[in-house]
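Chains as they are written, first to last, in full-length UniProt numbering: chain H, 1 to 427; chain P, 1 to 427.
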């Protein structure tokens, strides 16, 4: 256990896994710690929240991925702090683990801009539990509307509000609208689910600001075709169990989803180093923490600038590139070679889907939209999944959805007690 | 909404669905009420609990099954009582629903023989949430053992006790042993999962009492080959977070699963009619409640005797036969024909699997065991699933498990708070 250079990696997301993958064969032993037992393919999490995919199709037990790497030890645990002087990290059970090199890849969570009380009524989408919570609330809203006798309350139950119009918000709104308008109408007898309202709220001037104006405009028109109401330029000023206040207008809405902001995990405060407003550690262009060259921070936990001064976006390809960069740096140091220069982010393109027939892709010079973009998006995502089983399972679920127009995972699950809590919140 | 004979069916299990299916084309309108939004294929639930299958592979939204039957209204709700004089049932929201014919198919839950406090430490297996709870606890036990530094506590974490050796207990024990001894060893660095103990406890003299002694003996030998310790003739006298008392011997064991007894849902007390010791309503041989010919009780909620005096077993084929019988009775009454004589249960055979290579089948005269029985079992269960998608998905999951020796759904999910509760229970 004690021989060799010890790399401790905290976080089994895209950045952490890329790092461990790329350290294969290096003269290190690795301890990979995550508070979940699974790596999650977050770009498709919205499809779990909207009943298209099952949880197990986009998540893999981390330790299984490294079963053939005896130098990799996987631990399920919550890291509570780091001591960069003693070179240890501490786990919630009280254990400490010593490192020679530490890589913090702990990701981000939702930010409610100082209104953490909104979290209970407007869940975000970061974990499998978040996804099954949103799935449960969306499905329960239709179920309760079918039972509801008060027309005003029925309308509120059939109003779904998604706050934030980045790719996740757009993707959630598109599929919820498709469910309401195309999939569910035949199954309800007392309500007409086609009368459901899906409202996508964006504080900024347009949806999908990371895309060109043309693609953003196309996405807005496609959303409207699906029946989504797009409200731009209007910030949300309050969220409650009864609904949402947009600007100064109250919209009765029983189901809210938060897709608006993120807050980095507290890696910067563990290290005692400066952070930006979103809590991301301000690291050097070699991704090390200031004053601690043996500590790296990568992915959504790190704030890094591109050559043009723009921040590196918080997306999977960026985290993977950083993981690969840190692996090269560690190898160079161990072998006494010079470090591989500053980290340079290479943007490979932006993708978003609108419902199950249209997508937009922005490769910079090349911009695509429509059905072709949707197929490219689908093939790319299947390619990036881990393992034959998942690729096959997701491809099958999508094919089935495409051919039958139905979704595979329309399950309301979770503890009875939580259901009761949800009811109490709403009533 | 108000015209025609109104059949209210409470419970979307095997009995309730068979009834609704068989009433297709009859001059009735039907309201089907369940407190879950999904029908669950309970015979495979143990495979969700043991990471072989995903939740969505064995559960289907009930209302989707009847999308093409406009006379069927599906409601998600908890029935809290029935008034057989007024001919109404009441829902937890306060609504009442009037019926002309009522069919109670509300199933059963676990029975702890007067020790309901054991439920928190020894969950049973009846719902999807039960299955994900057991899955979470089994997987977390290995994870915590990998972190544990105290050897005694580590041994307790690696001891899994299944209480009750009917088919569910045998099936759970077999797969947990396979996981510990064949699937997980390569993935842990600090513990040897092959040292895990899987203990199957049965108060009666032998496992699988519904099968012949020969098949029961074969199953016991196969379990031992998989590494399961079988303790028969010893009742469990206490369960706690620290372990289980079997007879007067304490076995330190952090993961307990209850597969020992069932208690019927309270349909009999709603109706004010006699019940047996397990709470099952004592119905006539036409499955009606005494004094209420328009009220039927079927499935695990009903106590019915066979011609030879033995009780009809609480298994899916029995519930389906009762649902079909009630549908014939309702049709005969509506058409003024004589009722179809007393209900006769036809036993089609008993099946159980031991791990992923062996099974036993008892058709009465024909008895099968081993690999052939396993294949028959698998094909039969795929046949009984609902819909092409599920059949394909389960067949693919099994094929993948068979070829790769890996399981598809090794996810620890559920709310953080529940995880914390589970930890507190154990510590």
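We put the beta carbon where it would ideally sit given N, CA and C, even for glycine.
Since this is a predicted model, take the numbers as computed values, not measurements.
Distance CB(residue 98 of chain H)-CB(residue 15 of chain H) smaller than 8 Å: It is not a contact, given that the beta carbons lie outside the stated cut-off.
Residue 93 of chain H: contacting residues in chain P (beta-carbon distance under 8 Å): 147
Spatial distance of residue 253 of chain H from residue 280 of chain H (CA atoms): 33 Å
Beta-carbon gap between residue 121 of chain H and residue 223 of chain H smaller than 8 Å: Cβ distance not < 8 Å, so residue 121 of chain H and residue 223 of chain H don't count as in contact.
Among H/176, H/68 and H/389, nearest to residue 227 of chain H - alpha-carbon criterion: H/176
Counterpart residues of residue 403 of chain H in DSSP-defined beta bridges: As far as DSSP is concerned, residue 403 of chain H takes part in no beta bridge.
Contact test: residue 199 of chain P Cβ vs the ligand FMN heavy atom, cutoff 7 Å: Of ligands this structure carries none, so the ligand FMN is not represented either.
Residues bridged to residue 258 of chain P (per DSSP): P/163
CA-to-CA distance, residue 58 of chain H to residue 390 of chain H, given in whole angstroms: 7 Å
CA nearest to the CA of residue 351 of chain P, picked from P/321, P/323 and P/316: P/316
Euclidean distance between Cα positions of residue 374 of chain H and residue 288 of chain H: Here the alpha carbon of residue 374 of chain H sits roughly 38 Å from the alpha carbon of residue 288 of chain H.
Counted within 10 angstroms of its Cβ, other Cβ atoms place residue 34 of chain P as buried (16 or more) or exposed: So residue 34 of chain P counts as buried.
Length of the line joining the Cα atoms of residue 265 of chain P and residue 87 of chain H: The alpha-carbon atoms of residue 265 of chain P and residue 87 of chain H are separated by roughly 58 Å.
Cβ neighbour criterion (16 or more within 10 Å) applied to residue 305 of chain P: exposed
Interface residues of chain H facing residue 14 of chain P [CB-CB closer than 7 Å]: By Cβ distance, chain H contributes nothing, its closest Cβ being about 18 Å from residue 14 of chain P, past 7 Å.
Cutoff 6 Å; reference residue 197 of chain H; Cβ partners in own chain excluding five residues on either side: 159
Selection of the segment 49-66 of chain H by Cβ proximity to chain P, strictly under 7 Å: 54, 55, 56, 59, 61, 63 and 64
Buried or exposed (CB count within 10 angstroms, at least 16 for buried), residue 149 of chain P: exposed
Counted within 10 angstroms of its Cβ, other Cβ atoms place residue 66 of chain H as buried (16 or more) or exposed: Buried: at least 16 other Cβ atoms inside 10 Å.
Beta-carbon separation (whole angstroms), residue 208 of chain H vs residue 165 of chain H, contact threshold 8 Å: 6 Å
Option nearest residue 205 of chain H by Cα separation, candidates H/192, H/187 and H/230: The candidate whose alpha carbon is nearest that of residue 205 of chain H is H/230.
Unbroken alpha helix (DSSP H) run spanning residue 157 of chain H, endpoints: 151-157
Three-state class that DSSP yields for residue 311 of chain P in the structure shown: strand
N- and C-terminal bounds of the beta strand (DSSP E) containing residue 22 of chain H: Taken as a continuous stretch (DSSP letters only), residue 22 of chain H belongs to no beta strand (DSSP E), being part of the alpha helix (DSSP H) at 14-22.
C-alpha distance - residue 297 of chain P paired with residue 108 of chain H, whole-angstrom precision: Rounded to the nearest whole angstrom, the C-alpha separation of residue 297 of chain P and residue 108 of chain H is 52 Å.
Pairwise C-alpha distance: residue 49 of chain P and residue 131 of chain P: Rounded to the nearest angstrom, the two C-alpha atoms are 4 Å apart.
Closer than 8 Å to chain A by CB, residue 73 of chain P: No chain A is present in this structure, whose protein chains are H and P.
Distance CB(residue 7 of chain H)-CB(residue 23 of chain H) smaller than 8 Å: Yes, these two residues count as a Cβ contact at 8 Å.
Straight-line Cα distance separating residue 275 of chain P from residue 332 of chain P: Each residue's alpha carbon lies about 28 Å from the other.
Alpha carbon of residue 95 of chain H to alpha carbon of residue 74 of chain H, nearest angstrom: 15 Å
Residue of P/162, P/76 and P/243 minimising C-alpha distance to residue 152 of chain P: P/243
Rounded separation between residue 430 of chain P and residue 37 of chain H - CA only: As displayed, chain P neither begins before 1 nor continues past 427, which places residue 430 of chain P out of reach and without an answer.
Chain P contacts from the segment 18-44 of chain H (Cβ-Cβ distance under 8 Å): Answer set for the segment 18-44 of chain H: 36, 37 and 38.
Contact belief for residue 339 of chain H with residue 286 of chain H at Cβ below 8 Å, rounded distance in angstroms: Under the criterion of beta carbons closer than 8 Å, residue 339 of chain H and residue 286 of chain H qualify as touching, at roughly 6 Å.
Counterpart residues of residue 238 of chain P in DSSP-defined beta bridges: P/245
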